[in-house]
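Visitor:
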Amino acid sequence: MSMIPTPSQTVGPFFHFGLTDHHSVGRIADAQAQGERVQLTCRVFDGEGIPLDDAILEIWQANAEGKYNHPEDRQQKPIEPSFYGYGRMATGDDGACEFQTIKPGRVPGPGNTLQAPHLNLAVFARGMLKQLYTRIYFFGDAANQEDPILAMVPAERRVTLIGQPDVAHPGTWSFDIHLSGQQETVFFDV
Amino acid sequence: MGKATDDRLSITPYHRHEPGSQPSSLYEPYRSTVRRAPSKPLIFLPHTLSEVTGPVHGQDDIAETDNDLTRQHAAEPQGERIIVTGRVLDSNGRRVPHALIEIWQANSAGRYVHIKDQHPAPLDPNFTGSGRTLTDENGGYRFVTIKPGAYPWLNHYNAWRPAHIHFSIFGRAFITRLVTQMYFPGDPLFAFDPIFQSVPDEKARERMISKFDLETTQPQWALGYRFDIVLRGPEATPFEASR
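Chains A and B, in that order, are what the protein sequence lines are.
Under my numbering, the first residue of the first sequence is numbered 302, with each subsequent residue one higher.
Under my numbering, the first residue of the second sequence is numbered 7, with each subsequent residue one higher.
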């Protein structure tokens, strides 16, 4: 590597007017996009279980066919004009924010593997000097059993990466992020 | 690589950060990190399509006065007008075109347009302090703004942030996403600021300091600062002329 990358610095407490007041994206998939509808509520907590009211969550995901809308994805699968794949929301006083999307398809993993459907998530906040990366998998998906990334995570911590369905409200999901502490979410070294 | 039977499925991974070149999540002098940093080790993630792709931006994302923070209101803001310009490069030295850059900052008195900023300094009705732009074919970008003031915070007794402009950059991949702060050369507050000091490597810290540039400076109008931003680059670059 010839040049040192610019270091990360915290997003700070005052990002809203620059990033999310006018440029938040809660709707990742339009109504026309193919796939199973997902109404997702994410919540962020600190090491003492206190909700963060000043975090930003960014999501990046494939479409229902398992295709990313990006030139590096050279799979011969269709890109949908109505599906962009990116979302960004600030958390509110309750530490929560919501996204409307679809469940992504399976995308290739290391070697000849296929990954289970997942959303890629980055967390930014005051008090975080750099973003943390995690993933949201879908509870009950049979492919989770053979996902090559989940297999790298200690079995007892995998549950922190699984989004939970609200059985009373089909299509409604939740995912809690614990930055630290007993229920600490698995974060990835990317 | 290896078993991939289909070239279309091969992935070029990105360089990993060198130790000390980025802050750790936990840096106790910056008190808010204590409850917001993971206590367990991160899990090493091999780069897959999920990591090396990311949102792509275009001119549709940008409005006309987005890169001139002095022209977003009826009149000009108070303060020292400046030009901030530079290039977005990857760590292989290659330009990064079409990168979305978003900035936000305090006004010249050190006050943010934010309901939670209680610093008793005046707001400026002619300054919001947010901007966006897209890098050009050469990775270049340019903003016109005013120099932000330093401001106090509550991290420790008599704590002041050095003047800075927040930068958010989307590179080619979700893992090249960068949020950082641009500082001004020679700021006496560097030595006392735990956010700036959280980066262990001195050369890496210097990346965050813009350089005064006489060539960028426009006579009778505005001082110029250069700020080049370096994102992580891929391990093996495609076989093409760099420039």
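The beta-carbon is built from N, C-alpha and C at its ideal position, and this holds for glycine as well.
Please name the residue or residues paired with His162 of chain B in a DSSP beta bridge.
Guide: His162 of chain B is not bridged to any residue.
Visitor: Quick one: Cα of Arg101 of chain B to Cα of Arg178 of chain B, how far?
Guide: So the two alpha carbons sit approximately 11 Å from each other.
Visitor: If we require 3 or more residues per run, which beta strand (DSSP E) segments fall completely within the segment 164 to 235 of chain B?
Guide: 165 to 167, 170 to 176, 184 to 189 and 229 to 232
Visitor: Going along the chain, which residues of the segment 473 to 485 of chain A sit with their C-beta nearer than 8 Å to a C-beta in chain B?
Guide: Leu480, Ser481, Gly482 and Glu485
Visitor: Fully enclosed by the segment 392 to 432 of chain A, which beta strand (DSSP E) runs are 3 residues long or longer?
Guide: The qualifying runs are 397 to 403 and 419 to 426.
Visitor: Step through the CB atoms of chain B and report whether any lies within less than 8 Å of the CB of Lys431 of chain A.
Guide: yes
Visitor: Give a yes or no on whether 8 Å exceeds the smallest Cβ distance from Tyr163 of chain B to chain A.
Guide: no
Visitor: What separation, rounded to the nearest whole angstrom, lies between the Cα atoms of Val2 of chain B and Asp442 of chain A?
Guide: Summary: the structure shown does not reach residue 2 of chain B, with chain B confined to residues 7 through 249, and so no result is reported for it.
Visitor: Can you tell me which of B:Arg211, B:Gly137 and B:Ala115 puts its alpha carbon nearest to the alpha carbon of Ile235 of chain B?
Guide: B:Arg211
Visitor: Let me know the secondary structure DSSP gives Ala444 of chain A once reduced to three states.
Guide: Ala444 of chain A: helix per DSSP, three-state reduction.
Visitor: Under 7 Å between beta-carbons, which chain B residues line up against Pro314 of chain A? List them in chain order, please.
Guide: Lys122
Visitor: Compile a chain-ordered list of the residues in the segment 178 to 193 of chain B whose CB is closer than 8 Å to at least one CB of chain A.
Guide: Arg178, Ala179, Phe180, Ile181, Arg183, Leu184, Val185, Thr186 and Gln187
Visitor: What residues in its chain sit with their C-beta under 8 Å from that of Pro411 of chain A, if we drop five residues either side in the sequence?
Guide: Pro449
Visitor: So with CB distances below 8 Å, who are the chain B contacts of Ile305 of chain A?
Guide: Glu24, Ser27, Ser97, Asp207, Lys209, Ala210, Arg213 and Val236
Visitor: Alpha carbons only, please: which of A:Val326, A:Asn370, A:Ser383 and A:Ile357 is nearest the one belonging to Thr392 of chain A?
Guide: A:Ile357
Visitor: At the level of alpha carbons, what is the spacing between Ile437 of chain A and Ala228 of chain B?
Guide: 47 Å
Visitor: Could you give the distance in angstroms between the alpha-carbon of Thr76 of chain B and the alpha-carbon of Thr139 of chain B?
Guide: 15 Å
Visitor: Report the option in B:Asn161, B:Arg213 and B:Glu221 whose CA atom is closest to the CA atom of Glu34 of chain B.
Guide: The residue with the shortest Cα to Cα distance from Glu34 of chain B is B:Asn161.
Visitor: Based on the DSSP secondary-structure assignment, which residues constitute the bridge partners of Val62 of chain B?
Guide: Answer by DSSP bridge pairing: none, since Val62 of chain B is not bridged.
Visitor: Can you have a look at Glu108 of chain B and say buried or exposed, based on whether 16 or more other CB atoms are within 10 angstroms of its CB?
Guide: buried
Visitor: Check whether chain A comes within 8 Å of Leu160 of chain B, counting only Cβ atoms and requiring the distance to be less than that.
Guide: no
Visitor: So for Val460 of chain A, helix, strand or coil by DSSP?
Guide: helix
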